[in-house]
Amino acid sequence: MKNLIIHSIVFSLLLPFFSCSENETTQPPEETRSANKELLNLVLAYNDVDYSTTISNSTVTNNSAFPFPAEQVFLKSFQISQNATINLTINQSFNIAEGPFNIIVTAEDGSNQNYSLNLTKDEGLGISPNSNIENGSSYSLQSSNVYVDGAQLTQDFDRFHLKAYSDFNNDGNIDVLISSGLFQSFDYSPIKLYLGDGTGFNTDYCECGGSCSGFSCSSFTEMPNALPSGYEGLQHPRKILTGDYNGDNLMDAFIIGHGYDAYPYPGESPILLLNNGNGFNYQKLNNISGFFHGGSSADFDNDGDLDIFINGVPSIEESLFLMNDGSGNFSSTTEFIDEEFHHNTKYYTSEFIDIDKDGFIDLLLAGHEHQGANSIILWGNSSGKYYGDLSSTIPQVSGYNIVVDIDAIDLDNDGDKDLILNRVDSNNFYQNYYIQVVENEGEHKFSDCTTTSISNNTGTNWFIWVHIQDLNNDGNSDIYLENDHLDNLKWFGDGNGKFN
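With the numbering used here applied, the sequence shown covers 1 to 500.
Dropping the structure here:
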């Protein structure tokens, strides 16, 4: 057994038995001696929370598991008999992974009693790493080889249009799902599916994303009756997540919206569209409602189906996981993310991406940095829960403290995933854009390399989406800003992290 090293633990040992209560107010560390010749009382602490212990057959264990991020715990206090000694000192630290630890209590007569200290922490779901964890995630499916102007395609210039690109009818061609809305209106707008035929070119509403044959774009035809009669669209859609949510090898969609975009921001419920091979079965999740802006889907718990994370300002919680039963039935929970992300977080965008390539999907959160929502990466781990203590902060940009979209890819071919952040002006609310390039330095550290990586990275207007893909078929990643009614902007990469 190894000698004790504790970070913050409190535990009590009493012979034959004694146990301290949990979560008491932290007191200064102390050593106490008692006339009781059979006394051993230890208290451990982690993050100012006390933990008691139990002795069974000379084995000492903490009664409540330490949180998953805990690595070291500390000895806060102990009691022993007046003339006994112990091989421990106050504030001694214990590295949990190095246990068990040997405790020796020497009585007045010189006899020794040995105890084995076994420290446990909450291992959560016990997920195994999966090198293919990103497969099928909404992030992995969001790029397209064609992009369309929704207003031109629908010929509806009064509404704005959210788009998702996928082969919804399995004919090998990219189709476009469009969810429309009206700004600051309580009216519900339509959801339409346009099927691509793989031919045709129309510069008014279609642009090649990079891998079109001869830079020709698909032409699109609206599919009649793609949704059941009487369906209700959204007031203000914000993001469409594509994925096979019921495991039938057909592409489905989950549409997130925030409803009326003014006080009191009443919110609205998301919509689940399950592909039936001839359109979609429609379900509005009326038990979930909020001012939702962002979300992402992935098999974060590695159980074989796609779960969904949504964030914004719902009426009860701000960060919700929708857990999939494998058939496209979802139940909501907040148990897989720290409580600090439940309320008043001002996080409005999120992505599931395995940034460090460890086989656990990471959760990227961003939004209003100027209101306290630092852009962060919550590192995925075997517990399946996302902790603030297991995170990295992304560098900020002064004056552009609103992040509307995040992408990640190996921009400089050094083997790790770097970040592109689509930022907008926080002083002149949502009026100007700024593209930030962030270098992954390894070991969960990141640095801003915008000034040396990209030229002409700021300008008027703002763009809702940034895409990272090879636009000109030269094998290098490029940057593409997409939005309706505006000239879509492109920066071509040289493969070494430079963009022009």
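Here a beta-carbon is modelled for each residue, glycine too, at the ideal position from N, C-alpha and C.
Please go through the same chain and pick out, in chain order, the residues whose beta-carbon is closer than 7 Å to the beta-carbon of S179, but skip the five residues on each side of it. L162, I191, G233, L234, P237, I240, I255
The beta strand (DSSP E) enclosing L177, as first and last residue numbers: 175-181
Specify the secondary structure class of L141 as computed by DSSP and reduced to three states. helix
From N225, W462, V176, pick the residue whose C-alpha is nearest to that of T154; which is it? V176
Run through DSSP, which three-state label would E268 get? strand
Following the continuous beta strand (DSSP E) through A226, name the residue where it begins and the one where it ends. Per DSSP, A226 belongs to no beta strand (DSSP E) and is neither H nor E.
According to DSSP, residues forming a beta bridge with Y51: L44
Do three or more CB pairs link the segment 126-139 to the segment 103-116 at distances below 8 Å? no
Does the structure place the segment 326-336 close enough to the segment 345-357 that three or more beta carbon pairs sit under 8 Å? no
To the nearest angstrom, report how far apart L306 and L273 are at their CA atoms. 14 Å
Contact defined as beta carbons within less than 8 Å: I believe S93 pairs with F74. What is the distance between those atoms, to the nearest angstrom? 5 Å
Relative to the C-alpha of I420, which residue among F446, G380, S138, V313 is closest? F446
Taking the alpha-carbon positions, what's the N246 to D252 distance? 8 Å
Over the uninterrupted alpha helix (DSSP H) stretch that includes S382, give me the two end residues. S382 -> no alpha helix (DSSP H), and no H or E assigned at all.
Considering only the beta carbon of each residue, do A373 and T393 sit closer than 7 Å? no
Measuring CB atoms only, is the segment 140-160 touching the segment 474-484, in the sense that at least three cross pairs come out at less than 8 Å? yes
Starting from Y194, follow its DSSP beta bridges and name the residues at the other end. V176, E222
Span of the beta strand (DSSP E) around P290: First, the residue type needs correcting, since residue 290 is Gly and not Pro in the sequence shown. Note, G290: beta strand (DSSP E), 290-298.
With a threshold of 7 Å on Cβ separation, who are the neighbours of S125 within its own chain once the five nearest residues in sequence on each side are excluded? Reading the sequence as shown, one finds Leu at residue 125 and not Ser. Cβ within range, chain order: D301, S383, G384.
Drop a sphere of 10 angstroms on the beta-carbon of S21, count the other beta-carbons inside from all chains shown, and report buried for 16 or more, exposed for fewer. Any reading at S21 needs caution, since the residue's pLDDT is 39, under 50, leaving its predicted position unreliable; the model's value is listed next. The residue in question, S21, is exposed, as its Cβ has fewer than 16 Cβ neighbours within 10 Å.
Simplified DSSP state of A97, which is helix, strand or coil: helix
Can at least three beta-carbon pairs, one atom from the segment 460-467 and one from the segment 401-415, be found at a separation below 8 Å? yes
How would you call D354, buried or exposed, if buried means at least 16 neighbouring beta carbons within 10 angstroms? buried
Neighbourhood of G495 by C-beta, 6 Å cutoff - its chain only, sequence neighbours within 5 removed: N413, N476
Helix, strand or coil at E439 according to DSSP, with G and I counted as helix: strand
If distances are taken between C-alpha atoms only, which option among G243, T221, L378, Y282 comes closest to G230? Y282
Name, in chain order, the residues that DSSP records as bridge partners for H161. S180
Below 7 Å between beta carbons: does that hold for S398 and I376? no
According to the neighbour-count rule (16 or more other Cβ atoms, all chains shown, within 10 Å of its Cβ), is Q431 buried or exposed? exposed
Just to confirm the assignment, what range does the alpha helix (DSSP H) spanning Q152 have? 150-154
Could you give the distance in angstroms between the alpha-carbon of N500 and the alpha-carbon of N457? 9 Å
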